[in-house]
Amino acid sequence: MHLTRTARVVLGVLMAAGLAVVHVPLLLVVLNSFNADRSFAWPPSGLTGEWWVRAAHSQGVRDALWTSLQAGLAATAIALVLGVLAAFAVHRHRFFGRQTVSFLVVLPIALPGIVTGIALNAAFRTVLDPLGIGFGLFTVIVGHTTFCVVIVFNNVAARLRRIAPSLAEASADLGARPAQTFRYVTLPALRSALFAGALLAFALSFDEIVVTTFTAGPGTKTLPIWIYENLARPNQAPVINVVAALLIALSVIPVYVAQRLSSDSAGGRL
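For our numbering, add 20 to where a residue sits in the sequence shown, where the first one is 1.
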């Protein structure tokens, strides 16, 4: 479609304005994490690394970071197993209710987080309380897995649709066992999709707060929960900016790597 020069300029300005609305506040958070003024006066009176040092020595921040890492890694690992199995079942086999299974797997990512959180909270109270299992890291991991599975499932399913079934058939014709076909043919074709799905799932789990609020116990605090609880404490404001900047970095890096992997794969470099 051919656009006039005026149309291109207008679209460029609108795109720049939209990106600015989204990303300028994030840049301000990063800048304020180095702002020497505790009240964040603008322009900054100076730059300092003091708040980063305080954050590094804060036991609450370290504990929350460790909890987020545990929850994110565990949820991602479980999601990889369940998401890959579900994707293979739906896209490599024909059975009654196949579309229904696909819909149910994807549904959690479409539901509002507060609905998922309330549903999981009620389910845990009904099922786990009689077994003596309270709210804690385990319930947070289960809650995060419900939506991390969708990310892995979508990535693997999209890649499976681009892999010709004839490749596996040719491998079998040459005498390869199913395990060998998976190792030497299917897995190399899926590797980047698995890695991208895992990175996106981890990023989504790491900064999740709504579902975590309903599934975490009193002593279980992830990094987003710690930030939310300390927002009302003025003396913690500089440290909160540091933690928020850390969250931005830990979210942007996996998403960027996953996007590069996806674009490379789309270009044919598996």
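Cβ atoms here follow ideal geometry from the backbone N, Cα and C, with glycine treated the same way.
In whole angstroms, give me the CA-to-CA distance for L210 and R280.
15 Å
Looking only at C-alpha atoms, which of L39, A95 and V29 sits nearest to E228?
A95
Where the alpha helix (DSSP H) through N303 begins and ends
Since the first and last residues shown for the chain are 21 and 290, residue 303 lies out of range.
Measuring CB atoms only, is the stretch 27-37 touching the stretch 231-243, in the sense that at least three cross pairs come out at less than 8 Å?
no
Under the rule that 16 or more other beta-carbon atoms within 10 Å means buried, what is T120, buried or exposed?
exposed
Anyone know if the C-beta pair for I247 and V49 falls short of 8 Å?
no
Can you tell me whether G288 is buried or exposed, with buried defined as 16 or more other CB within 10 angstroms of its CB?
With a pLDDT of 44 at G288, under the threshold of 50, the predicted position of this residue should be treated as unreliable, though the coordinate-derived value follows. Per the 10 Å Cβ criterion, exposed.
For the stretch 260-275 against the stretch 223-237, do three or more pairs of beta-carbon atoms, one drawn from each stretch, fall closer than 8 Å, so that the two count as touching?
yes
So the candidates are T165, G152 and A196; which of them puts its Cα closest to the Cα of I129?
T165
Assuming L187 contacts V205 under a Cβ cut-off of 8 Å, what Cβ separation, rounded to an integer in Å, is found between them?
5 Å
Going by DSSP, what residues sit across from N52 in a beta bridge?
N52 pairs with nothing; no bridge assigned.
Enumerate in chain order the residues of its own chain whose CB-to-CB distance from N141 is below 7 Å, with the five nearest sequence positions on each side excluded.
F234 and T235
If you compare alpha carbons, which of R118, F173 and I153 is closest to A218?
F173
Residue from R197, V176 and F144 whose Cα sits closest to the Cα of G291:
The requested residue 291 does not occur in the structure, where the chain is confined to residues 21 to 290.
With burial defined as no fewer than 16 other Cβ atoms inside 10 Å of the residue's Cβ, what is the status of T232: buried or exposed?
buried
Which two residues bound the contiguous alpha helix (DSSP H) that contains E228?
Element bounds for E228: n/a, residue is neither H nor E.
Does the stretch 86-103 come into contact with the stretch 151-163, if we say contact requires no fewer than three beta-carbon pairs (one atom in each stretch) closer than 8 Å?
yes
CA-to-CA distance, T201 to D193, given in whole angstroms
11 Å
What three-state label does DSSP hand L67 in the structure shown?
strand
Three-state class that DSSP yields for S271 in the structure shown:
helix
What does a CB cutoff of less than 8 Å around D57 pick up in its chain, not counting 5 residues either side in sequence?
P64, S65 and G66
Looking at the unbroken alpha helix (DSSP H) that takes in W62, where does it start and where does it end?
Counting along the chain, W62 falls outside any alpha helix (DSSP H), and DSSP gives it neither H nor E.
For Q256 and L102, the rounded distance between their alpha carbons
40 Å
Which class does A37 belong to by DSSP, given the choice of helix, strand or coil?
helix
Quick check on the burial criterion: 16 or more other C-beta atoms within 10 angstroms. Buried or exposed for A106?
buried
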